[in-house]
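Q:
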Amino acid sequence: MNKKVILDKRPIGLPSEEVWRYETSEIPTPEEGQFVVKHEYVSLDPAMRGWMNDVPSYIPPVALGDVMRAGTIGKVVASKNDKFPVGAIVSGGGGVQQYSLGDGKNEFLVPANDALMPKFLGAMGMPGMTAYFGILDVGKIKEGDRVLVSGAAGAVGSVVGQIAKIIGCEVVGIAGGPDKCKHVVDTLGFDDCVDYKSPDFKSALRASLPKGIDVYFDNVGGETLDMALAKLRKGARVVLCGAISQYNTTGQIQGPKNYLSLLINRASMQGLIVFDYKDRYGEAVMQIGQWVAEGKLKTDEDIYEGIENFHSTFLRLFNGNKRGKLILKVN
Ligand SMILES: NC(=O)c1ccc[n+]([C@@H]2O[C@H](COP(=O)([O-])OP(=O)(O)OC[C@H]3O[C@@H](n4cnc5c(N)ncnc54)[C@H](OP(=O)(O)O)[C@@H]3O)[C@@H](O)[C@H]2O)c1
251 MNKKVILDKR
261 PIGLPSEEVW
271 RYETSEIPTP
281 EEGQFVVKHE
291 YVSLDPAMRG
301 WMNDVPSYIP
311 PVALGDVMRA
321 GTIGKVVASK
331 NDKFPVGAIV
341 SGGGGVQQYS
351 LGDGKNEFLV
361 PANDALMPKF
371 LGAMGMPGMT
381 AYFGILDVGK
391 IKEGDRVLVS
401 GAAGAVGSVV
411 GQIAKIIGCE
421 VVGIAGGPDK
431 CKHVVDTLGF
441 DDCVDYKSPD
451 FKSALRASLP
461 KGIDVYFDNV
471 GGETLDMALA
481 KLRKGARVVL
491 CGAISQYNTT
501 GQIQGPKNYL
511 SLLINRASMQ
521 GLIVFDYKDR
531 YGEAVMQIGQ
541 WVAEGKLKTD
551 EDIYEGIENF
561 HSTFLRLFNG
571 NKRGKLILKV
581 N
């Protein structure tokens with residue numbers, strides 16, 4: 251049987267457990283050209299919160315009554331598609347369920363083994379692609395740049411900062427709590443990390459950026475974005491990747507006040523949607539894979555178990571009670 255998580259109601263603010271319901275159905279049977287994937291892991295991403303809102307976005311919202319949309323990785327267990335034979339490891343958007351039906355249009359064969367599967371949801375998967383194209387193509391970093399990264403202990407931010415270090419930048423991270431900041435510096439190799447949950451956050455951030463910043467990679471938005479704007483140097487680039495501090499806001503989204511800094515500094519601020527780089531994912535996977543193999547880039551996955559624990563695990567994205575890429579093992 252296939253256990254699945256269905257979106258039942260639209261959330262207001264932080265989603266409560268009642269917005270989803272659990273259902274069980276027969277495992278699907280493939281028709282000609284189709285295959286069935288048994289999901290090992292489901293990717294839990296902040297974007298899932300946005301997909302629950304019935305508002306225009308870069309993709310349509312999850313419809314009420316549909317399986318909750320999510321990235322997945324698993325093995326083909328039944329197939330009528332020669333390109334996706336039984337045993338192949340497949341990544342796709344199979345949703346929060348134990349099995350899904352694919353036809354190869356939105357699924358990728360992944361050169362993983364059982365142990366590597368979680369990495370293909372993290373540094374070698376969508377968050378890694380986001381980091382790679384965001385910091386290199388949009389942020390246009392070069393050696394010697396001063397780079398600030400929020401969400402620095404998370405799936406995207408941890409890879410952004412490490413790539414910037416590989417390129418030869420000076421990198422400061424922002425993360426929640428002293429333990430995460432220590433990890434960002436000691437393990438991930440950032441030059442410094444500022445704890446945004448500390449009462450001294452503002453002064454500590456100012457102190458860590460005495461010469462300002464050339465690139466700000468924004469994962470959190472809100473007040474932190476405003477503080478970063480105030481520190482831009484001439485010609486700086488701001489990469490708008492995400493704004494997690496605003497995703498559960500029930501009132502007005504907090505927009506930047508310090509935007510005149512862009513004008514004064516001839517700086518730019520550009521949004522990024524990783525799916526626009528789909529045709530170049532191969533390039534990023536190869537390069538990140540090489541850095542990982544050479545020991546230059548560390549990957550970090552935080553894996554929880556059981557599809558019935560979806561709600562409490564999902565909330566870890568917002569309460570910070572996790573480190574690196576958040577993953578749910580569902581089979
Ligand atoms: N544009 C794209 O194509 C694209 C693709 C992927 C991801 N994203 C965005 O990139 C950002 C990071 O995604 P991710 O997958 O790497 O998630 P993540 O950083 O692994 O997980 C979310 C983290 O955000 C931090 N956080 C939660 N609430 C916060 C708040 N109110 N203020 C500041 N920080 C808060 C927490 O870290 P702490 O413990 O440090 O607080 C938490 O661990 C998200 O905004 C996401 O939407 C964008």
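Just so you know, we're using this note's numbering here: the sequence shown kicks off at 251 and counts up by one. Idealized CB from N, CA, C, for every residue including glycine. On a predicted model such as this, the values are computed, not experimentally measured, just so you know.
#1: Taking contact to mean 3 or more Cβ pairs, one atom from each stretch, closer than 8 Å, check whether the stretch 519-530 and the stretch 424-437 are in contact.
#2: Could you check how far apart the C-beta atoms of F467 and V489 are, in whole angstroms? I think they sit under 8 Å.
#3: So the candidates are Y509, L438, R573; which of them puts its Cα closest to the Cα of G545?
#4: Tell me whether F370, by its Cβ, gets closer than 7 Å to a heavy atom of ligand 1.
#5: Could you tell me which of F564, R483, G337, I503 sits nearest to I514, measuring between CA atoms?
#6: Among the residues of its own chain, which have a CB less than 6 Å from the CB of L547, if the five just before and after it don't count?
#7: Per DSSP, what kind of secondary structure is Y527 in: helix, strand or coil?
#8: Throw me the rounded Cβ distance for the R487 and K415 pair, which I believe falls under 8 Å.
#9: If we call anything under 8 Å between Cβ atoms a contact, is N498 one with R299?
#10: I need the boundaries of the alpha helix (DSSP H) containing D436, first residue and last residue.
#11: Near I557, what residues of its chain come up, given a Cβ to Cβ distance below 6 Å and the 5 sequence neighbours on each side ignored?
#12: Mind checking who D442 pairs with in its DSSP beta bridge?
#13: Report the three-state DSSP secondary structure of L351 (helix, strand or coil).
#14: Under 7 Å from any heavy atom of ligand 1, does the C-beta of D464 make it?
#15: Compare the C-alpha of S458 against each of V422, P261, D464 and name the closest.
#16: DSSP state of V269, grouped into three classes?
#17: Could you check what DSSP says for V470 in three-state terms: helix, strand or coil?
#18: Cα separation between G462 and K369?
#19: With which residues is H289 paired in a DSSP beta bridge?
A: If we stick to the structure as given:
#1: Of all C-beta pairs linking the stretch 519-530 to the stretch 424-437, fewer than three are shorter than 8 Å, placing the two stretches out of contact.
#2: For the purposes of this step, residue 467 is taken as residue 217 along the sequence shown, with counting starting at 1. For the purposes of this step, residue 489 is taken as residue 239 along the sequence shown, with counting starting at 1. Yes, they are in contact, since the Cβ atoms of F467 and V489 sit about 5 Å apart, within 8 Å.
#3: Stepping through the sequence shown from its first residue, residue 545 is reached at position 295. Ranking the options by Cα distance to G545, first place goes to L438.
#4: Working through the sequence shown from its first residue, we reach residue 370 at position 120. For F370, the Cβ stays outside the 7 Å cut-off from all heavy atoms of ligand 1.
#5: Start at 1 with the first residue of the sequence shown, and residue 514 comes out as number 264. Nearest option by C-alpha distance: R483.
#6: To locate residue 547, count along the sequence shown from 1; it is residue 297. So the qualifying residues of the chain are Q412, W541.
#7: Here the question's residue 527 lines up with position 277 in the sequence shown. Residue state, collapsed to three classes: helix.
#8: Along the sequence shown, read from residue 1 onward, the residue named residue 487 stands at position 237. Along the sequence shown, read from residue 1 onward, the residue named residue 415 stands at position 165. That belief does not hold up - the Cβ atoms of R487 and K415 are roughly 17 Å apart, past 8 Å.
#9: Mapped onto the sequence shown, residue 498 falls at position 248. Mapped onto the sequence shown, residue 299 falls at position 49. Cβ distance < 8 Å, so N498 and R299 count as in contact.
#10: The count along the sequence shown starts at 1 and reaches residue 436 at position 186. Looking at the DSSP string, the run of the alpha helix (DSSP H) that includes D436 is 428-436.
#11: Residue numbering aside, residue 557 sits at position 307 when the sequence shown is read from its first letter. Only K253, V580 meet the Cβ criterion.
#12: Walking along the sequence shown from the start, residue 442 turns up at place 192. In the DSSP output, where bridge partners are listed per residue, D442 has V422.
#13: Reading the sequence shown from its first residue, position 101 is the one you call residue 351. Strand.
#14: Position 214 of the sequence shown holds residue 464. No.
#15: Here residue 458 refers to the residue found at position 208 when the sequence shown is read from its first residue. Selected option, being the one with the closest Cα: V422.
#16: On the sequence shown, residue 269 is found 19 positions in, with the first residue counted as 1. It is helical.
#17: The sequence position of residue 470 within the sequence shown is 220, counting from 1. Here V470 sits in coil by DSSP.
#18: Looking up residue 462 in the sequence shown gives position 212. Looking up residue 369 in the sequence shown gives position 119. Pairing G462 with K369, the inter-Cα distance amounts to about 34 Å.
#19: In the sequence shown, counting from the first residue as 1, residue 289 sits at position 39. DSSP output for H289 lists G324 as bridge partner(s).
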